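Colleague: Each residue of the sequence shown is one higher than the one before, counting from 982 in the numbering used here.
Glycine included, C-beta positions come from ideal geometry on N, C-alpha and C.
Computed from a predicted structure; not experimentally measured.
Here it is: the structure, laid out below.
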Amino acid sequence: MDHQAKKLFKLLSGLLLIFFFLIGLTVNLQKDRQNLEVVFLDVGQGDAILIKTPYEQNILIDGGPDNSVLSQLGRNLAFFDKELDLVILTHPHADHVTGLVEILRRYKVKKVLLTGVLHTAPDYQAFLKEIASQEIETEIANSWREIDLGPDLVLEILYPWSDLSQQKVENLNNSSIVAKLVYKNNSFLFTGDAEIEVEKELIAAGLDLSAQVLKVGHHGSKSSSSLYFLAKVKPQYAVICAGQNNKFDHPHLRTLDNLEKLGIKILRTDQLGTIKFIGDGSNNLQYKK
982 MDHQAKKLFK LLSGLLLIFF FLIGLTVNLQ KDRQNLEVVF LDVGQGDAIL IKTPYEQNIL
1042 IDGGPDNSVL SQLGRNLAFF DKELDLVILT HPHADHVTGL VEILRRYKVK KVLLTGVLHT
1102 APDYQAFLKE IASQEIETEI ANSWREIDLG PDLVLEILYP WSDLSQQKVE NLNNSSIVAK
1162 LVYKNNSFLF TGDAEIEVEK ELIAAGLDLS AQVLKVGHHG SKSSSSLYFL AKVKPQYAVI
1222 CAGQNNKFDH PHLRTLDNLE KLGIKILRTD QLGTIKFIGD GSNNLQYKK
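Below, the structure is given as structure tokens:
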């Protein structure tokens, strides 16, 4: 074999190895698609949650404080999978919306659910501008409703109950979309940055707040996660999305104490990185770090 042939052989061998690696990666990412996957992405001090349904849907709740969400999605979706069926912005604070701007530019987003609350921050305005320029379908969360995602799979929008579109609110945290995902016997409660005031409203409304997994409100701040609320939710797991050594000292000791009092297992992205739950609809919910 001459020198040129050897070079060609090495090149083809390398390309073949890359091809099989990508195929293997794709198979590995797709093999659990008969199950529900909920992935709390490690994006530092912020929220970004990827939901992969058994019916081939991808849903993203919030996008974190920067573009690190892009690499996280790349690790948790097949390399060719550039479609998001639904993006939910719980509220327009930077640690929830900033990463979504680039997401809209790089992924095909079918629909966006948001409150439409009035906020002049540049990242939020860039997000709204991108939605408008691409003519992405939007829906305003303004009342309790169920989104049917397939057999035995539903996303309940629990809050807010009033139309906040183009409304100025005093506390953006308390405009957060609160949602509950239910797949047979698996359930997740996502609270955005909703504080104790909203927790009280949810309880007073008599809603079924019980869930196997609770996304702890406001990154574990003391302004959320009252003992009474946690007792109503009765989660097996509590996930706290926070950045390492963050300037807010999240999570707060009071929140951790409340969770520990009720025997709830605490999982923190600042300690564990990305946290993935896999559910087959039975009571046996698994999580991976």
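Which residue marks the beginning of the alpha helix (DSSP H) containing Phe1210, and which one marks its end?
Modeller: Looking at the DSSP string, the run of the alpha helix (DSSP H) that includes Phe1210 is 1208–1214.
Colleague: Below 8 Å on the Cβ atoms is my guess for Asn1039 versus Leu1065; work out the distance and round it to an integer in Å.
Modeller: Their Cβ separation, rounded to whole angstroms, is 5 Å, which keeps Asn1039 and Leu1065 in contact under 8 Å.
Colleague: When you compare the CB positions of Gly1055 and Gly1224, do they come within less than 7 Å of one another, or not?
Modeller: No, the pair does not count as a contact, with Cβ atoms beyond the cut-off.
Colleague: Considering Lys1181, what are the terminal residues of the alpha helix (DSSP H) in which it resides?
Modeller: Here the alpha helix (DSSP H) through Lys1181 covers 1177–1185.
Colleague: Please state the DSSP three-state secondary structure of Gly1224.
Modeller: Of the three classes helix, strand and coil, the one that applies to Gly1224 here is coil, per DSSP.
Colleague: By Cβ distance below 6 Å, which residues in the same chain neighbour Lys1165 in space, the five residues on each side in sequence not counted?
Modeller: Once the five neighbours on either side are set aside, the close Cβ partners of Lys1165 are Asp1133, Gly1262.
Colleague: What would DSSP say about Ser1263, mapped onto helix, strand or coil?
Modeller: Of the three classes helix, strand and coil, the one that applies to Ser1263 here is coil, per DSSP.
Colleague: Pick out the complete beta strand (DSSP E) segments inside the segment 1141–1170, 3 residues or longer, and give them in chain order.
Modeller: The segment 1141–1170 contains these whole beta strand (DSSP E) runs: 1159–1164.
Colleague: For the candidate residues Leu1208, Ala1160, Leu1081, Gln1217, whose alpha-carbon lies nearest to that of Asp1189?
Modeller: Minimum Cα distance to Asp1189 is reached at Ala1160.
Colleague: Suppose the cutoff is 6 Å on Cβ atoms and the five residues either side in sequence are ignored; what does the same chain contact list for Val1019 look like?
Modeller: Within the same chain, Val1019 has close Cβ partners Ile1032, Phe1169, Phe1258.
Colleague: How many angstroms separate the CA atom of Phe1060 from the CA atom of Tyr1268?
Modeller: If you take the alpha carbons of Phe1060 and Tyr1268, they lie about 23 Å apart.
Colleague: Nearest-angstrom Cα distance between Val1288 and Glu1111?
Modeller: There is simply no residue 1288 to check, as the chain begins at 982 and stops at 1270 in what is shown.
Colleague: Where Leu1006 and Leu1058 are concerned, what is the direct C-alpha to C-alpha distance, given to the nearest angstrom?
Modeller: Note on Leu1006: pLDDT 47, under 50, position unreliable in the model; no value is reported.
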